[in-house]
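The structure appears right after this line, and notes come after that.
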Amino acid sequence: MKSFYNAEQVSAHVWWVGAVDWHVRNFHGYRTGRGSTYNAFLIVDDKITLVDTVKAGFESEMLERISTVVDPAKIDYIVSLHAEPDHSGGLPAAMAAIKPEKVFASAVGGKTLKAYYGIDAVPVQNSLALGQGTLTFVDTKMLHWPDSMMGFYDRDGVLFSQDAFGMHLAGSKLWADEYDESVRDSEMVKYFANIINNYSPRVLALLDAFPGLDLDVKVIAPDHGPLYRRDFERIFRMYRELAEQKPQLRAAVVFCTMWHATEQLARAFADGVRAAGVEVDLIDLAVSERSEVMTAVASSGIVAFGAPTMNNQVYPAMADVLTYVRGLKPRNKLGFAFGSCGWSGEGAKFIASEFEAMGMEQPCPMLQSRYKPSREELNAAFAAGGALAESLKERVAR
Ligand code: FEO
């Protein structure tokens with residue numbers, strides 16, 4: 000059938016039939032500045048199989064793309080590798096159009112699909128025979144939800160990796176090597192920091208186990224962003240480095256401010272870091288949002304957060320960011336808490352206690368000024384920046 004939505008061929012028997020969300024800018028709180036894609040894949044084997052679907056609202060785009068390859072009614076199986084709604088929201092419409100013989104998911108995925116849509120899925124075993132080829136499943140629990148798994152289609156060597164190795168990047172190209180490398184890498188790093196970082200130990204376990212699985216991978220096909228057809232070692236190396244969270248020679252200084260007092264402390268601290276020869280990012284929460292903060296935190300060995308006190312509480316923007324960052328479990332950071340207050344002084348104390356809860360080492364004591372930092376307090380902030388920078392340099396050199 001002719002359609003203005005076309006499928007794109009991934010390999011001899013696999014087609015991309017997903018959707019491009021050019022204008023999404025808020026992905027459950029993650030600022031997706033370059034949009035995203037919801038990748039679904041069609042395997043044309045004796046059993047025609049749809050792997051994952053798309054976010055609700057993009058079903059007709061997916062079905063039109065499918066119809067340029069086969070009549071959707073001829074699809075036999077739907078396999079849900081990950082039941083989060085960005086990959087399953089289109090499932091009810093797909094079921095209505097396709098009427099598949101069976102829907103497959105992991106055991107947890109089946110419960111999730113039942114809860115969301117009332118759909119009964121068959122729990123997958125280790126593999127699913129499709130005729131000439133087989134889809135083998137790899138348990139990737141918590142990458143990114145408890146139901147998550149990867150699927151490997153041996154006939155063409157396609158690894159459907161769902162969220163892992165993905166990125167939020169809308170575009171008209173299928174392959175990662177068709178995009179500017181710096182754009183691609185920066186979006187992958189941001190995605191890892193904001194979606195995967197807290198599951199770093201599971202990433203390392205997967206990468207360690209991967210050679211033993213003996214999969215002849217020719218394509219890595221994630222559920223977001225472009226696909227990979229080469230340089231797999233580089234991708235695995237990048238993921239390993241991100242998951243190891245070794246200290247990076249960089250500082251993220253994040254602040255919010257009411258009357259510029261906390262800002263002055265932030266600037267003095269940042270300048271102390273800079274004077275010691277360590278690159279620094281100064282981030283004002285009035286003009287930045289939490290996923291940008293987390294990306295900077297994940298890439299930095301020093302994390303300095305500053306906030307004023309408001310109504311006996313930390314300033315709300317900082318509470319939001321701390322909650323978000325803590326959930327993503329950054330490791331191997333040197334922390335520094337600071338802020339300005341008029342009287343009660345809960346702001347910097349709250350940051351210091353959250354850093355402690357995150358297991359963050361805080362070599363310099365919390366710094367809190369009253370109303371407006373004195374020259375001595377600004378000097379102390381500058382000195383703390385220098386001290387943490389020197390400490391970080393020693394750690395990185397070890
Ligand atoms: Fe892209 Fe965890 O969903």
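At position 211 of the sequence shown the residue is numbered 210 (numbering that gives the first Met the number 0), and the sequence of numbers has no breaks.
Ideal Cβ placement from N, Cα and C applies to all residues, glycine included.
Being a predicted model, the structure only gives us computed values, none of them experimental.
Item, Value
"Same chain, Cβ closer than 6 angstroms to N193, neighbours up to 5 away in sequence not counted", "Y29, S290, M293"
"Presumed contact (8 angstroms Cβ cut-off) between M317 and F304, rounded CB distance", "7 angstroms"
"Whole-Å CB distance - I350 paired with V313, under 8 angstroms assumed", "7 angstroms"
"Residue nearest to S171 in terms of C-alpha spacing, selected from V279, F254, T36", "T36"
"Complete runs of the beta strand (DSSP E) confined to the segment 291 to 358 [at least 3 residues]", "301 to 305, 333 to 340"
"Test item: CB-CB of L226 and I219 under 8 angstroms", "yes"
"Local Cβ density within 10 Å of W14, reported as buried at 16 or more and exposed below that", "buried"
"Neighbourhood of A96 by C-beta, 6 angstroms cutoff - its chain only, sequence neighbours within 5 removed", "L62, P71"
"Per DSSP, cross-strand counterpart(s) of M148", "D138"
"D85 beta carbon near the ligand PLP (any heavy atom closer than 7 angstroms)", "Ligands in the displayed structure: the ligand FEO; the ligand PLP is not one of them."
"Cβ pair count under 8 angstroms reaching 3, the segment 117 to 134 against the segment 38 to 45", "yes"
"Cβ-based neighbour list, Q263, same chain, cut-off 6 angstroms, excluding 5 preceding and 5 following", "P372"
"Buried or exposed (CB count within 10 angstroms, at least 16 for buried), A208", "exposed"
"Of the residues V16, G224, A11, the one placed nearest S2, counting alpha carbons only", "V16"
"Rounded Cβ spacing between A251 and S299 (contact assumed at less than 8 angstroms)", "4 angstroms"
"A306 vs C255 beta-carbon contact at 8 angstroms", "yes"
"CB contact flag (H223, D146, <8 angstroms)", "no"
"Alpha carbon of I118 to alpha carbon of E58, nearest angstrom", "17 angstroms"
"Assumed close pair L168, R33 - CB separation to whole angstroms, cut-off 8 angstroms", "5 angstroms"
"Spatially closest choice to K140 from L212, A106, S87, by CA coordinates", "A106"
"Rounded straight-line distance, which links the Cα of P221 to that of S160", "5 angstroms"
"8 angstroms contact criterion, which A297 and N196 should meet: CB distance rounded", "6 angstroms"
"Spatial neighbours of F103 in its chain, beta-carbon cut-off 8 angstroms, leaving aside the 5 residues before and after", "Y76, I77, V78, S79, A120, V121, P122, V123, L127"
"Proximal residues to V157 (C-beta, below 6 angstroms), its chain only, five neighbours per side dropped", "S10, V13, V218, A220"
"W144 CB to nearest heavy atom of the ligand FEO below 7 angstroms", "yes"
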